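Here the structure comes first, spelled out in structure tokens, and everything after it is commentary.
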DNA sequence: GCCACTACTTACATCAGTGTCAATAAGGAT
DNA sequence: ATCCTTATTGACACTGATGTAAGTAGTGGC
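Residue numbers (our numbering), protein chains in the order written: chain A, 1 to 200; chain B, 201 to 400.
Next comes the structure, spelled out in structure tokens:
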């Protein structure tokens with residue numbers, strides 16, 4: 001019984017979630033098994049069961065972790081783009097990258113795989129929190145109503161999600177550049193900004 | 201050894217694909233197993249292996265079947281809406297319904313699940329064929345360039361896909377009506393039509 | 001009617017993911 | 001140093017999905 005090291009529950013959970021996220025992005029939802037995740041952090045699958053209770057417990061924690069990570073990325077970037085006179089394109093790229101590379105698209109696949117409605121909650125909550133931080137500020141500047149911000153966010157997120165899943169293949173098939181969906185989203189946002197600030 | 205009936209290979213394959221599609225839409229990609237599909241059509245899983253060679257063979261056939269069914273639905277409806285003076289909204293609803301109810305969203309989940317790039321091909325091809333039928337006609341009427349039709353299609357499809365996966369939960373979370381994404385897509389298409397036919 | 005073909009089945013083998021349990025040992029508290 | 005908590009492990013059982021092999025029985029052609 002070779003016990004390598006004794007980590008705190010927080011350390012173990014954190015390492016496991018990081019490994020699970022990497023696995024999810026690299027190889028898809030199916031590859032996120034107790035055995036695979038445990039192997040990545042040099043533990044046994046029984047150890048993960050000890051920390052997360054069950055496989056679905058790990059899945060739920062992973063969903064929360066992913067949603068938080070993705071939204072934090074976007075949130076930070078939105079703040080930065082504000083300071084540096086952000087363009088619509090920057091926001092678009094951030095949202096699309098979040099779904100394409102940060103694992104939000106993979107999370108969607110996860111939900112589809114399990115058919116588990118609960119897995120949807122954390123990411124929706126995270127997006128909701130993100131919008132709640134942005135919308136009131138925009139509204140206070142008199143640029144957009146909160147509902148308008150919500151609508152734009154919905155469209156942008158759904159488009160980014162779709163693009164992460166089928167964008168590459170479909171664009172190629174239609175002889176469009178890979179960035180076609182992003183270009184379109186950028187035009188949409190730009191048009192909304194114009195409409196929102198007619199005096200500019 | 202109770203043999204119930206003896207079907208032709210075509211009948212067997214057709215029945216199996218129909219059952220698999222129903223299972224996929226009802227319960228998600230994970231539930232489409234040899235046993236479950238076979239049970240639905242009153243056969244054994246070994247029988248499906250006989251007809252499709254392997255589980256992945258069934259999956260590939262299912263992907264092709266789904267892509268064909270969905271695109272045929274849309275194509276028929278587009279033709280009908282042309283005859284009956286189709287509105288942008290009708291086209292939007294058709295595309296969204298195809299992904300939401302006809303199983304195209306489930307198909308996307310399927311691709312994500314398997315991580316199989318091949319599974320993507322049939323639906324992309326089907327969409328490509330659909331656009332190839334529509335775009336030249338539009339172009340010949342002098343309304344849009346083919347590329348413009350391709351761009352609109354890309355945006356519409358990606359948005360419909362995203363909406364099928366997260367639309368319901370996200371709209372609810374943002375206090376928007378379930379139809380918010382469709383409404384947005386409709387506005388987009390309407391704006392394009394205006395722009396495309398300035399003399400109207 | 002007889003035969004070849006094959007759709008179909010039953011039984012078994014295999015494998016992967018999940019979960020249980022008892023045993024071990026690391027690390028802190030006293 | 002001793003004890004107590006618990007992180008960790010190895011071994012095992014269970015389940016479900018996939019695949020194989022051999023045998024059975026419809027169906028069409030002669």
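Think of the CB as a built atom: it goes at the ideal place given N, C-alpha and C, for glycine as much as any other residue.
From a predicted model like this one, the values you see are computed outputs, not experimental measurements.
So, is the C-beta of residue 145(A) closer than 7 Å to a C-beta in chain B? No, its Cβ sits nowhere closer than 7 Å to a Cβ of chain B.
Are the C-beta atoms of residue 193(A) and some chain B residue less than 7 Å apart? So no, residue 193(A) is outside the interface.
For a minimum of 4 consecutive residues, which ranges assigned as the alpha helix (DSSP H) are wholly contained in the segment 233 to 288 of chain B? Here the runs fully enclosed are 234 to 240, 245 to 252, 255 to 283.
Rounded to the nearest angstrom, how far is the Cβ of residue 63(A) from that of residue 9(A), given a contact under 8 Å? At roughly 19 Å, the Cβ-Cβ gap does not stay under 8 Å, so residue 63(A) and residue 9(A) are not in contact.
Contact list for the segment 63 to 82 of chain A against chain B, Cβ threshold 7 Å: For the segment 63 to 82 of chain A, no residue has a beta-carbon sitting nearer than 7 Å to a beta-carbon of chain B.
When you check each C-beta in the segment 98 to 109 of chain A against every C-beta of chain B, which residues fall closer than 7 Å? Answer set for the segment 98 to 109 of chain A: 108, 109.
Evaluate contact between the segment 352 to 366 of chain B and the segment 151 to 171 of chain A, counting only Cβ atoms and requiring at least three cross-stretch pairs below 8 Å. In short, these stretches touch, since the Cβ pair count reaches three.
I need the straight-line Cα distance from residue 146(A) to residue 185(A), nearest angstrom please. As the crow flies, the alpha-carbon of residue 146(A) is around 19 Å from that of residue 185(A).
What residue does the alpha helix (DSSP H) around residue 230(B) start on, and which one ends it? Segment: none, residue 230(B) is in no alpha helix (DSSP H) and carries neither H nor E.
Candidates 229(B), 212(B), 243(B), 374(B): which alpha carbon is nearest residue 127(A)'s? Taking only the C-alpha atoms, the option nearest residue 127(A) is 374(B).
Measuring only the C-alpha atoms, how far is residue 257(B) from residue 356(B)? Cα atoms of residue 257(B) and residue 356(B): separation of roughly 31 Å, rounded to the nearest angstrom.
Look at the Cβ atom of residue 103(A), then the Cβ atom of residue 154(A), and state whether they are nearer than 7 Å. For the pair residue 103(A) and residue 154(A), the CB atoms are not nearer than the 7 Å cut-off.
Report yes if the C-beta distance between residue 236(B) and residue 244(B) is below 7 Å; otherwise report no. For residue 236(B) and residue 244(B), no; Cβs fall outside 7 Å.
From the DSSP output, in three-state form, read off residue 17(A) for me. Note: residue 17(A) maps to helix in three-state DSSP.
Under three-state DSSP, which class holds residue 101(A)? Here residue 101(A) sits in coil by DSSP.
Could you list which residues in chain A have their beta carbon closer than 8 Å to that of residue 384(B), in chain order? Within 8 Å of the CB of residue 384(B), the CB atoms of chain A belong to 151, 154, 155, in sequence order along the chain.
When DSSP labels each residue in this structure, what does residue 184(A) get in the three-state scheme? The answer is helix: DSSP assigns residue 184(A) an H, G or I state.
By Cβ distance below 6 Å, which residues in the same chain neighbour residue 78(A) in space, the five residues on each side in sequence not counted? Within the same chain, and ignoring the five residues on either side of residue 78(A) in sequence, no residue has its Cβ closer than 6 Å to its Cβ.
I'd like the list of long-range same chain contacts for residue 349(B), defined as Cβ closer than 8 Å, with 5 residues on each side in sequence excluded. Cβ within range, chain order: 331, 334, 335, 338, 339.
Separation of residue 341(B) from residue 28(A), as counted between CA atoms: Near 44 Å, if we compare the C-alpha coordinates of residue 341(B) and residue 28(A).
Do the CB positions of residue 171(A) and residue 182(A) come within less than 7 Å of each other? Here residue 171(A) is not near residue 182(A), since their CB atoms are 7 Å or more apart.
Return yes when the Cβ of residue 88(A) is within less than 7 Å of the Cβ of residue 158(A), no when it is not. Contact flag unset, no.
Under three-state DSSP, which class holds residue 8(A)? DSSP places residue 8(A) in the coil class of the three-state scheme, outside both helix and strand.
Under 7 Å between C-beta atoms of residue 94(A) and residue 74(A): Yes, the Cβ-Cβ distance between residue 94(A) and residue 74(A) is below 7 Å.
Just how far apart, CA to CA, sit residue 296(B) and residue 216(B)? Each residue's CA atom was taken as its position, placing residue 296(B) and residue 216(B) some 26 Å apart.
Pick helix, strand or coil for residue 348(B), following the three-state DSSP scheme. Looking at residue 348(B) - three-state DSSP - the assignment turns out to be helix.
Have a look at residue 367(B) and residue 205(B) and give me their C-alpha separation to the nearest angstrom. Inter-residue distance for residue 367(B) and residue 205(B) is about 44 Å (C-alpha atoms, whole angstroms).
Quick one: grab the DSSP three-state call for residue 377(B). It is coil, neither helix nor strand.
Helix, strand or coil for residue 142(A)? Go by DSSP, reduced to three states. Look at residue 142(A) here: in three-state DSSP terms it is coil, with no helix or strand label.
Against chain A, with Cβ distances strictly below 7 Å, would residue 291(B) count as a contact? Not a single CB atom of chain A sits nearer than 7 Å to the CB of residue 291(B).
Beta-carbon proximity check, residue 24(A) vs residue 369(B), cutoff 7 Å: Contact annotation: residue 24(A) and residue 369(B) have beta-carbon atoms that are not nearer than 7 Å.
Using only CA atoms, which one of 90(A), 152(A), 180(A) lies nearest to residue 192(A)? Residue 192(A) has its Cα closest to that of 152(A), out of 90(A), 152(A), 180(A).
Taking Cβ-Cβ distances shorter than 7 Å, what residues in chain A pair up with residue 361(B)? 162, 165, 166, listed in chain order.
Residues, ordered as in the chain, of the segment 169 to 183 of chain A that lie near chain B by beta-carbon distance below 9 Å: Taking 9 Å as the Cβ-Cβ cut-off against chain B, the residues of the segment 169 to 183 of chain A that qualify are 169, 170, 171, 172, 173, 174, 175, 176, 180, 181, 183.
Give a yes or no on whether the C-beta atoms belonging to residue 308(B) and residue 270(B) are separated by under 7 Å. Not a contact, by the Cβ cut-off of 7 Å.
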